[in-house]
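Sequential numbering of the sequence shown, starting at 1, is according to full-length UniProt numbering.
Following: one structure in structure tokens, then a few remarks.
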Amino acid sequence: MKSLVVIGQKLAAWSGFPLLLLLIMLGIYLPTLNGNLAADDLAMVHLVQQSDASFSDKINNMYNFTADKTVWMEYGNLPWWSDDQLKINFWRPLSAATLWVDYTFWPNQPVLTHIHSTLWFLLMLLAGWMLYKELLPRKLAALALILLALDVSLRIPVSWIANRNALISAAFGLFAVYSHIQWRRKQGNRWLIGSLILLTLSLLGGESGITVWIYLFAYALSLDPQYRRLRAFAALIPATAIIIGWRLLYTQLGYGVAETPLYTDPGADLIAFVWLLVERAPYLLFGQLTGIDPLYYKLLSPEWKQLGSIILLVPLVGLLLLAFRLFKHSPKAQFFLLATMGATVPVTANGLVSGRLLAFVTPAAMGLLALFLHWALTEKGWGKKLVAWPLLICNLPMALATLILLNFYVTVNVEHQVKLVRQLASQAAGPSESQSEPQLGSEVGNQLKNNQRVILLNPSSPYQFLFVPLHSEYFKSYAPLSLRSLLPGHQNLKLQRKAENQLTITGDNQPLVMYHGDKLPTNSNLHPLHGKKMFTDTFRDSPIPDGFTRELSDLKITYQKALSSGLNGQQLDGIEVKLLRDQSEFSWVYWDWQSKKYLTLKLPEIGQTLLINGPFSSKTKVESPVKPPTKPGAADAANTIEEGV
1 MKSLVVIGQK
11 LAAWSGFPLL
21 LLLIMLGIYL
31 PTLNGNLAAD
41 DLAMVHLVQQ
51 SDASFSDKIN
61 NMYNFTADKT
71 VWMEYGNLPW
81 WSDDQLKINF
91 WRPLSAATLW
101 VDYTFWPNQP
111 VLTHIHSTLW
121 FLLMLLAGWM
131 LYKELLPRKL
141 AALALILLAL
151 DVSLRIPVSW
161 IANRNALISA
171 AFGLFAVYSH
181 IQWRRKQGNR
191 WLIGSLILLT
201 LSLLGGESGI
211 TVWIYLFAYA
221 LSLDPQYRRL
231 RAFAALIPAT
241 AIIIGWRLLY
251 TQLGYGVAET
261 PLYTDPGADL
271 IAFVWLLVER
281 APYLLFGQLT
291 GIDPLYYKLL
301 SPEWKQLGSI
311 ILLVPLVGLL
321 LLAFRLFKHS
331 PKAQFFLLAT
341 MGATVPVTAN
351 GLVSGRLLAF
361 VTPAAMGLLA
371 LFLHWALTEK
381 GWGKKLVAWP
391 LLICNLPMAL
401 ATLILLNFYV
411 TVNVEHQVKL
421 VRQLASQAAG
431 PSESQSEPQL
441 GSEVGNQLKN
451 NQRVILLNPS
461 SPYQFLFVPL
471 HSEYFKSYAP
481 LSLRSLLPGH
491 QNLKLQRKAE
501 NQLTITGDNQ
511 PLVMYHGDKL
521 PTNSNLHPLH
531 GKKMFTDTFR
541 DSPIPDGFTR
551 ELSDLKITYQ
561 KALSSGLNGQ
571 QLDGIEVKLL
581 RDQSEFSWVY
591 WDWQSKKYLT
601 LKLPEIGQTL
611 LINGPFSSKT
621 KVESPVKPPT
631 KPGAADAANT
641 IEEGV
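Given below as structure tokens:
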């Protein structure tokens with residue numbers, strides 16, 4: 001062990017150490033270069049390649065995920081119940097410009113696009129090294145840089161092209177902090193100008209650039225030559241003015257989010273934001289220090305999310321108490337602690353709690369961890385070492401092994417997702433000269449005709465169909481003429497055929513689950529459906545009003561609060577669906593929770609009711625009306641439905 005420490009100390013002292021580490025990280029991330037475009041990437045390449053918009057419009061709308069809301073709703077990949085005021089529109093022109101370069105000059109060469117992202121990651125590491133070297137002894141700076149480079153939370157921003165903005169914003173942001181420190185240490189006003197320019201670039205890379213101010217505030221409180229004095233805080237005025245000006249322009253240009261619980265704007269609902277901060281921050285901080293990505297957050301029920309935050313607070317508070325002497329006597333530890341905790345605050349506004357949001361938290365957290373590990377392992381007392389060694393193991397050897405495995409896994413997983421969505425996109429296509437007959441599993445595809453309009457009765461996650469036409473366009477695969485998700489498949493559903501082209505759908509003696517305020521019909525506090533519902537909630541932040549109607553080119557859907565009666569006379573909400581085209585033009589598909597497959601569906605006879613099982617029941621069946629159907633073949637149709645064909 002001592003020999004390893006000696007080798008490490010010599011490497012840290014070597015002037016070529018940072019370059020060596022950057023080359024090693026390039027090798028570790030080499031497998032991600034084989035990744036393809038996915039999800040948001042496809043919307044961006046579509047904007048650049050297919051749109052007639054000007055260069056400035058493309059740059060300013062690259063992260064506008066609701067610009068084509070009407071078109072997407074007409075096609076059906078955006079569900080009909082989406083709020084008309086839904087807005088997810090971010091202004092990230094600098095990051096968008098880098099994507100414009102990729103999708104203009106090498107749109108069909110994802111390898112080059114991934115290399116581009118990896119270079120931004122290396123630039124972020126270089127910025128981190130400059131900051132660490134300025135604030136820490138060289139050996140600790142080297143340790144902090146290694147911890148930063150191996151941090152698993154940066155894996156997705158590196159490997160997912162659309163998330164490149166996190167790396168760009170963090171790289172310029174860390175350089176801005178470094179320049180501010182140089183200015184405060186009397187290196188000249190040119191450093192102030194440089195800091196403000198870099199801060200502006202960070203903000204133009206992504207909204208997370210506001211975190212730079214938190215770093216500067218932490219510096220004023222702990223390390224500034226005139227710390228905790230008026231002049232130290234007055235030094236924040238230029239950066240504050242830049243951020244206020246950026247925010248005013250951001251709002252004036254119409255950017256921001258609305259009518260989605262996916263993001264919480266503290267300016268619009270401060271109380272809700274504070275509540276979510278208290279709930280989500282422990283997951284993010286615990287994950288940052290241990291390397292355990294808090295993706296499990298989305299699998300928890302609302303009650304367990306709150307309980308989990310309390311449980312995770314215990315080790316976090318314990319760590320603070322254990323290291324109290326370090327924080328009391330070390331201004332550097334105070335700086336990194338304040339920056340870590342402060343940088344977590346804006347991240348909690350995002351409902352997709354995961355490590356990929358921590359690009360600004362990680363540099364401060366790794367500086368803090370390096371200081372703590374050195375203090376705990378050199379001070380007397382077994383208690384400190386008992387905590388330090390597991391943290392060291394989690395963030396060095398285990399992080400390295402996890403990073404290598406996940407880089408291979410993510411490449412394979414993205415390819416799998418691309419193939420899956422291509423199957424979903426082509427399920428309604430028939431055989432062609434260039435492609436064998438497409439199918440979904442072995443159940444959907446063989447019975448569907450070419451150019452059909454596909455109706456998904458109860459998709460397990462409507463969100464997964466959001467990019468179907470974009471996948472079809474980029475990968476040159478088939479797609480149905482339209483794709484309609486009628487209701488989320490989070491519960492049992494009753495479908496009743498009212499007339500030849502009219503039917504109603506309600507929950508099975510329970511209200512429909514259609515927006516984030518609706519509760520799942522389960523007592524399970526740990527279930528994947530909680531995560532699926534979180535993505536479904538993206539499309540609406542308020543209850544659907546009674547009588548809300550969405551008329552599209554091929555069907556009309558009306559929501560009614562009291563569509564039918566359940567047990568004990570309970571009024572049940574539901575939807576009324578009217579087909580505006582001949583029934584032969586549609587292919588009906590439903591998600592079978594038992595087989596975990598999409599199955600084709602024959603509608604019941606007029607007057608019959610079809611019960612589609614949800615994730616917490618076991619049988620799909622047909623209920624006959626009071627008067628049995630007399631049409632020949634009705635019984636056969638019922639049997640066919642019950643078998644899921």
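We put the beta carbon where it would ideally sit given N, CA and C, even for glycine.
Relative to the C-alpha of residue i, which residue among the options is closest?
i: residue 244; options: 259, 207, 40; result: 207
i: residue 502; options: 326, 583, 50; result: 583
i: residue 48; options: 91, 23, 97; result: 97
i: residue 166; options: 358, 527, 130; result: 358
i: residue 77; options: 459, 20, 533; result: 459
i: residue 34; options: 84, 117, 61; result: 117
i: residue 125; options: 72, 169, 371; result: 169
i: residue 317; options: 337, 299, 247, 484; result: 337
i: residue 369; options: 339, 573, 347, 175; result: 339
i: residue 649; options: 149, 321, 176, 136; result: With the chain covering only 1 through 645, there is no way to say anything about residue 649.
i: residue 573; options: 495, 469, 237; result: 495
i: residue 519; options: 463, 22, 256, 301; result: 301
i: residue 154; options: 465, 516, 287, 553; result: 287
i: residue 407; options: 319, 114, 39; result: 114
i: residue 149; options: 24, 581, 164; result: 24
i: residue 110; options: 385, 183, 30; result: 30
i: residue 511; options: 470, 559, 473; result: 559
i: residue 285; options: 364, 456, 485; result: 364
i: residue 397; options: 104, 32, 152, 66; result: 152
i: residue 21; options: 308, 294, 123; result: 123
i: residue 579; options: 174, 310, 517, 484; result: 484
i: residue 399; options: 28, 14, 82; result: 28
i: residue 374; options: 355, 330, 95; result: 330
i: residue 587; options: 528, 479, 327; result: 479
Please look up how many angstroms separate the CB atoms of residue i and residue j, rounded, as I've assumed it's under 8 Å.
i: residue 260; j: residue 88; result: 6 Å
i: residue 233; j: residue 220; result: 5 Å
i: residue 539; j: residue 42; result: Their Cβ separation, rounded to whole angstroms, is 19 Å, which puts residue 539 and residue 42 out of contact at 8 Å.
i: residue 99; j: residue 44; result: 5 Å
i: residue 224; j: residue 184; result: 6 Å
i: residue 564; j: residue 506; result: 5 Å
i: residue 454; j: residue 353; result: No, residue 454 and residue 353 are not in contact; Cβ-Cβ is about 33 Å, not under 8 Å.
i: residue 160; j: residue 179; result: Incorrect: roughly 29 Å between the Cβ atoms, too far for contact.
i: residue 263; j: residue 351; result: 7 Å
i: residue 265; j: residue 257; result: 6 Å
Keeping to the same chain, check which residues put their C-beta closer than 6 Å to that of residue i; ignore five residues upstream and five downstream.
i: residue 80; result: 550, 557
i: residue 323; result: 372
i: residue 360; result: 170, 208, 211, 343
i: residue 91; result: 250, 255
i: residue 129; result: 18, 145
i: residue 546; result: 561
i: residue 585; result: 453
Hey, could you find the ends of the beta strand (DSSP E) residue i is sitting in?
i: residue 188; result: No beta strand (DSSP E) contains residue 188, which DSSP labels as neither H nor E.
i: residue 505; result: 502 to 507
i: residue 259; result: That residue, residue 259, is in no beta strand (DSSP E); it is neither H nor E in DSSP.
i: residue 82; result: No beta strand (DSSP E) contains residue 82, which DSSP labels as neither H nor E.
i: residue 609; result: 609 to 612
i: residue 499; result: 493 to 499
i: residue 454; result: 453 to 456
Which same chain residues end up closer than 7 Å to residue i when comparing Cβ atoms and leaving out the 5 residues on each side of it in sequence?
i: residue 93; result: 59, 60, 204
i: residue 536; result: 461, 462, 463, 488
i: residue 246; result: 203
i: residue 67; result: 61
i: residue 385; result: 376, 377
Which stretch, first to last residue, makes up the alpha helix (DSSP H) that contains residue i?
i: residue 327; result: 324 to 329
i: residue 275; result: 270 to 290
i: residue 252; result: 237 to 252
i: residue 393; result: 382 to 395
i: residue 474; result: 468 to 475
i: residue 222; result: 211 to 222
i: residue 231; result: 230 to 234
Excluding sequence positions up to five away, which residues of its chain have a Cβ less than 8 Å from the Cβ of residue i?
i: residue 303; result: 525
i: residue 50; result: 473
Check your understanding: In chain order, which alpha helix (DSSP H) runs of at least 4 residues are fully inside the region 9 to 59?
Key -> 17 to 28, 40 to 50
Point to revise | 4 or more residues per run - each alpha helix (DSSP H) lying fully within the region 76 to 162 | key: 93 to 105, 110 to 135, 138 to 150, 155 to 159
Review point. Whole beta strand (DSSP E) runs in the region 527 to 607 with 3 or more residues, listed along the chain?
Key: 549 to 551, 555 to 565, 571 to 579, 586 to 592, 597 to 600
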